[in-house]
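The sequence shown runs 81 to 267 under this note's numbering.
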Amino acid sequence: MSLRRLSVIVIIGFGILVALYFFTPLEFYVTKYSNRILSKNPIPVAQREKEIVDEYDWTLKSFDGELLNLEDHKGKVIVINFWATWCPPCIEELPSLQGLYNDYSDKVTFLFVARDKENRVATFLSKKDYNIPVYFERGLTPKLFYYPSIPSTYIIGKKGVIEMAKTGSYDWNSNPVRELLDNLLKQ
81 MSLRRLSVIV IIGFGILVAL YFFTPLEFYV TKYSNRILSK NPIPVAQREK
131 EIVDEYDWTL KSFDGELLNL EDHKGKVIVI NFWATWCPPC IEELPSLQGL
181 YNDYSDKVTF LFVARDKENR VATFLSKKDY NIPVYFERGL TPKLFYYPSI
231 PSTYIIGKKG VIEMAKTGSY DWNSNPVREL LDNLLKQ
């Protein structure tokens, strides 16, 4: 077999693999299982790696048109979750986020930032019976929170320190997360 023919076969084979990944449910399963493997434990940010939120000027809009600025929540414990209705790992972790929100909504600021169309989010939430405060971005995402993959979740302490940053599906209604929130609320 000539080198040219072998090269063509390799290129065609690679093209088929790429097509299978992007145009079949294979992408969903690969993403789902890799997220499960990678997200068994929350990722508390190591002390030397902790970043401080210094950019609080970020405007979000709720379903009813009310504007919320992150600046108004400075000095509070904040949970920010970026998600979308078309994202399987986002959907997978929503029940645990709903449970956490149910128990901590009176003490912690929760910002569920949807990267989706408002009508799609409203339909999704009503069908699934979720009761979470959803917002839509009205400005640029602060660089500290910009991550191209979703779901991405950040837990920020009262002093603006990002205590936990996580990309991928996770059980947020777990003891480690609850202990972290309880400790942050005591500070």
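All C-beta atoms in this analysis are idealised placements derived from N, C-alpha and C, irrespective of residue type, glycine included.
Does residue i pass the burial test, meaning 16 or more other C-beta atoms within 10 Å, or should it be called exposed?
i: GLU173; result: buried
i: TYR226; result: exposed
i: PHE94; result: exposed
i: VAL88; result: exposed
i: LEU150; result: buried
i: LEU261; result: buried
Please tell me whether residue i and residue j are closer than 8 Å, where the distance is taken between their beta carbons.
i: ILE212; j: ALA164; result: no
i: VAL159; j: ILE235; result: yes
i: VAL241; j: ILE96; result: no
Might you give, ordered along the chain, the residues of its own chain that have their beta carbon closer than 6 Å to the beta carbon of residue i, omitting 5 neighbours on each side?
i: LEU264; result: VAL157, GLY237
i: TYR36; result: No answer is possible for residue 36: it lies beyond the span of the chain, which begins at 81 and ends at 267.
i: ARG200; result: THR165
i: LYS187; result: LEU265
Kindly list the residues whose CB is nearer than 7 Å to the CB of residue i, restricted to its own chain and excluding five residues on each side of it in sequence; keep chain order.
i: PHE162; result: VAL193, ARG195, ILE230, PRO231, SER232
i: LEU118; result: Model confidence at LEU118 stands at a pLDDT of 45, short of 50, so the residue's coordinates are unreliable; what they give is reported in the following sentence. Closer than 7 Å at Cβ, skipping near neighbours: GLY248.
i: GLN267; result: GLY237, LYS238
My output table needs one value for residue i: the three-state DSSP class, helix, strand or coil.
i: ALA194; result: strand
i: ILE158; result: strand
i: LEU174; result: helix
i: LYS130; result: coil
i: TYR234; result: strand
To which residues of the same chain is residue i closer than 8 Å at the C-beta, ignoring the five residues directly before and after it?
i: LYS223; result: GLU135
Please name the residue in the options whose C-alpha comes closest to that of residue i.
i: LYS141; options: PHE216, ILE96, THR203, GLY240; result: PHE216
i: ARG218; options: LEU83, LEU86, ASP137; result: ASP137
i: ASP152; options: ASP144, PHE143, THR139, GLY145; result: THR139
i: ARG258; options: ARG85, LEU177, LYS154, LYS130; result: LEU177
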